[in-house]
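Input: a single structure, listed below in structure tokens.
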Amino acid sequence: MKKKELEFYLHNHLFNIVNDMKKSSLYKYNWNVIKSDFDEINQKLSIASKNSSFSSIGRPDLIYFNPETKLLILGEIKNDIKKHTSNSVGKIKDPKSFSVDGVLHYMKFFKEYDVFGIAASGSVDDYIIDQFYSKKDSLNFEVLPSQRILNEFDYQNIIADDLVEEKIDGLSNVLSNLNKLMDNSKISVEKRPIITGAIIFSLIHFKQITTDIEKHKTNISNISKLLIESIKTKMLSVLPENKRDKNIGIIDRFCNLIESYSINNEIWKKIIDNIDKKLMPIINKMKKESYNHDFSGDMYRVLLRYTSGDGKILGQVLTPKHIVNLMIDLAELKKDDSIIDPACGTGIFLVNSMNKLISMAKNNDEIEIIKRKKIYGIEISKEMFFLTLVNMLINDDGKTNIYVDDDNPEPKNSGIFKFNKNDFFENPKKVIMNPPYLSQNEMWKFINKSLTLATEKAIIIVSTSIFKGNIEFKREFLKNNSLISVINMPNNIFQNKSSSGAQVKTSIMVVDIGRPNSENYTGTYFYDLKDDGFISSKKHGRYDGIKKWTQIKSNFLDNYKNKKEILNTAILVKNVSEYDTWNFNFYNKISSDDFLNLNDYLFNLLLELINKNKYENKYEIYNYLFNINDELKKYNLKKYIQQLNIKENPANKFLEIKKNINKALRIEKYLDIKGNISYVAASNSKNGCRLNNTRNIYNESVLKNLFTWNTQGDGGAGLAFFHPYKFIVASTCKVFDVIDKKLNLEHKIFIAFSMSLEHKNRYFGYSISEDEFKTGTLKLFLPVNLENEIDWNLIKKIMINNPIFKKIKIILDEYKNIYNKYS
């Protein structure tokens, strides 16, 4: 393919995005070929020739520039994959011949810009795209993991995230020192964000407060009163005009709250001085350099380090920034949209929505309309209301529409019920929110009420548990709306834990408001977003340390847009019912492909047996494990799985519950007790064992040759294990035995594996109940023969030929004096 043809293809690929700009505003300005529409870019290119003299004009194949945000993207294209890169590590060897070298060559002339480079090589059928990023004032090039050409907002977010990370490091240091000052002053954690916010609010609008304090050092009797007076007038001027009388009462209550803190003048002076000299310069720089910043959220993140570990201050849980931006992408905002967050917390959804709308605005008049009439929030906590207000003002929303009503809302946390869409300047079109933590019933009431506040679409992140049961509420929901999508979020995206210590499992709902089974409804798209690519560190918590999220999000949004069904990841359900559990795992039925995980399951058991016992030939065992892949290739599990004809059977047809078992106490009781008994709990690894070698000292029942089925647990619900050794069991597991006592070890372990397939439907924390087992709702998936009977012979054949099972059998035979008989 000629270069021009490939250029045309890639150019069109970009322009396909650009041509949708009027609908989706993915790019605001035109892409150019060879020469930019903007003189400041052409001036830099005038000395950027690929010739060694650099005395003539450089001509990149593709150029995109946004003069407002200073986003610059350069592209170089070659028609041969062999011409993609010279592979000169750290050097630009041949910019004329190679697309990577060429784009890096051009990027180095734009040190004063945040610049992205796209290097593309090959043909339509076989091509490579590499992308690079160079920060402003840096000579280093960062390789982006994404091979997809992104939209402008995503590129801008990469810049914003880096800017914010730099600022957050400084912000964190300043806030940490401020926290220490407040800690030494005996100011409780709950008061610190309010005090910090109040001072910032005053310093933004009444800079002279520091001068007043200096002038009146000796005769100011109460600095808190001076602070309150400086806040009152400005607060009233920025609150919704149609709630003026109500606002006066809110302001008075908030000011009374500050006064009630009883902080003496010297401490006030120290705190104000610290914020004025160290924190405000960072905030002012953020205001100048970047729209997209959730200051109150970042302040909270630093303060979370000072809590008791439940991840909350003032009852708030923060939505991670990358999830906020994903939800805004799912909202598909248009420039005339108005947005409401009925549980606005620190205001992060409002800040980011406002920035997205502003990026589409053509002039200052449109920006002013967005700020005055397009962004609405409701908050019932006067403390959080004030922090939201501070957040919006830091982001230059000079006339905010944040509504508050904390007058004994019923039910608790549901002040939203006192509002309807006519309370706002114009009817909001879209809801974007993370509701407060409520009981399942109250959560559904909150959601259904929230949907009455807007006219088009809702994006809501909720606890996944609300999708099971709650039939009446789901019926009401479906009567008035269409469920467009439910997207399971990765585990642990929220750093907080519930009171039980379990991680909260969450999903994003996409809702078509007020149009049940609307003409656009083609089914509900269920997606399991298993991994966001984030890693964890002590310094950053969960963060995008290896830059995988942009690619993951881009892939997901492509799949979402096209409603693409993907094995074990995504499914389109034509008609959902209130009786269903609205979760991907519910609709993702067990198939023979799931049995391909048998080797992993057996390997888990084998490792547990090795770790449990200290025997002399351990080296021989590990040497075997090292070479096991060769044996597994010869065994070829897939060949056996292709023979399976899987049938769903009630679990109570094969299993019986063991009664009258004295369950083990909490694991801490057994940590320092040595013995040869395993402690089994709702674990998702190590064959269910939390401890290998303990003993019973609390009159627990000592069991052996039995199954455990995890009834609950953090990511382990539904997993099952067979234990051919002595064990005690925690209350988070049910204990079972086979009804047919003639079944052998290979049958029992295969049954345990089949039981564990239930984990697929329990992955997001749905527990297993004894009633499900008794009524036959709980299923086992086993192969059947031509007579439609369980094919025990095939099961035996699969197992006894499996190299991992063979080693399990050898270990158990060699050490049956430890394990006792297993069949």
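Numbered according to this note's numbering, the sequence shown spans residues 1 to 823.
Cβ coordinates follow ideal geometry from the N, Cα and C atoms, glycine included.
Would you kindly check if the distance between the Cβ of residue j and the Cβ of residue i is under 8 Å?
| i | j | result |
| --- | --- | --- |
| residue 116 | residue 131 | yes |
| residue 402 | residue 424 | no |
| residue 588 | residue 568 | yes |
| residue 472 | residue 448 | no |
| residue 525 | residue 572 | yes |
| residue 760 | residue 512 | no |
| residue 582 | residue 483 | yes |
| residue 453 | residue 420 | yes |
| residue 181 | residue 271 | yes |
| residue 337 | residue 374 | yes |
| residue 466 | residue 628 | no |
| residue 751 | residue 654 | yes |
| residue 717 | residue 762 | yes |
| residue 263 | residue 187 | yes |
| residue 83 | residue 50 | no |
| residue 104 | residue 141 | yes |
Give the single residue among the options whose Cα lies nearest to the Cα of residue i.
| i | options | result |
| --- | --- | --- |
| residue 586 | 469, 42, 153 | 469 |
| residue 637 | 800, 451, 530 | 800 |
| residue 60 | 69, 46, 76, 72 | 76 |
| residue 505 | 376, 511, 494 | 494 |
| residue 553 | 133, 107, 149 | 149 |
| residue 170 | 266, 389, 95, 282 | 282 |
| residue 328 | 91, 349, 775, 798 | 349 |
| residue 70 | 120, 654, 105, 136 | 136 |
| residue 542 | 574, 550, 491, 334 | 491 |
| residue 853 | 644, 612, 383, 378 | Shown here, the chain extends from 1 to 823; a query on residue 853 therefore has no answer. |
| residue 577 | 474, 674, 550, 584 | 474 |
| residue 332 | 320, 253, 352, 347 | 352 |
| residue 659 | 103, 736, 277, 811 | 736 |
| residue 738 | 726, 727, 708 | 708 |
| residue 63 | 27, 687, 190, 745 | 27 |
Measuring straight from C-alpha to C-alpha, what distance separates residue i and residue j?
| i | j | result |
| --- | --- | --- |
| residue 489 | residue 432 | 16 Å |
| residue 36 | residue 113 | 15 Å |
| residue 533 | residue 357 | 28 Å |
| residue 835 | residue 527 | Within the shown structure, residues of the chain are numbered from 1 to 823, placing residue 835 beyond reach of any answer. |
| residue 807 | residue 702 | 26 Å |
| residue 781 | residue 486 | 26 Å |
| residue 630 | residue 601 | 18 Å |
| residue 651 | residue 747 | 15 Å |
| residue 92 | residue 134 | 15 Å |
| residue 556 | residue 128 | 20 Å |
| residue 500 | residue 106 | In this prediction, residue 500 has a pLDDT of 42, which is less than 50 and means its spatial position is unreliable; what the coordinates show is noted afterwards. Cα-Cα distance, rounded: 55 Å. |
| residue 1 | residue 544 | At residue 1, the pLDDT of 38 sits below 50, so the modelled position is not reliable and the matter cannot be decided from this model. |
| residue 840 | residue 342 | Absent from the structure is residue 840, since the part of the chain shown begins at 1 and ends at 823. |
| residue 367 | residue 39 | 26 Å |
| residue 510 | residue 813 | 55 Å |
| residue 724 | residue 792 | 20 Å |
| residue 697 | residue 440 | 40 Å |
| residue 833 | residue 259 | This structure does not reach residue 833, given that the chain is present from 1 up to 823, and the question cannot be answered. |
| residue 720 | residue 548 | 33 Å |
| residue 657 | residue 675 | 27 Å |
| residue 794 | residue 784 | 9 Å |
The alpha helix (DSSP H) with residue i in it runs from where to where?
| i | result |
| --- | --- |
| residue 131 | It is not in any alpha helix (DSSP H) - residue 131 instead sits in the beta strand (DSSP E) that spans 127-134. |
| residue 433 | Not the alpha helix (DSSP H): residue 433 falls in the beta strand (DSSP E), residues 430-433. |
| residue 351 | 348-360 |
| residue 709 | That residue, residue 709, is in no alpha helix (DSSP H); its beta strand (DSSP E) goes 706-710. |
| residue 592 | Element bounds for residue 592: n/a, residue is neither H nor E. |
| residue 638 | 637-641 |
| residue 473 | 471-480 |
| residue 324 | 321-331 |
| residue 678 | Looking at the DSSP string, residue 678 is not in any alpha helix (DSSP H); the run it does join, the beta strand (DSSP E), is 677-680. |
| residue 612 | 598-612 |
| residue 812 | 803-814 |
| residue 426 | Where residue 426 is concerned, there is no enclosing alpha helix (DSSP H), given that its DSSP letter is neither H nor E. |
Start and end of the beta strand (DSSP E) containing residue i?
| i | result |
| --- | --- |
| residue 750 | Element bounds for residue 750: not the beta strand (DSSP E) but the alpha helix (DSSP H), 745-756. |
| residue 531 | Residue 531 -> no beta strand (DSSP E), and no H or E assigned at all. |
| residue 729 | 727-729 |
| residue 114 | 114-122 |
For residue i, decide whether its Cβ has a neighbour in chain C, counting only Cβ atoms nearer than 8 Å.
| i | result |
| --- | --- |
| residue 709 | Checking the listed chains, one finds no chain C in this structure; it contains a single protein chain. |
At least three beta-carbon pairs within less than 8 Å, the region 776-785 to the region 724-733: Result no; under three Cβ-Cβ pairs closer than 8 Å.
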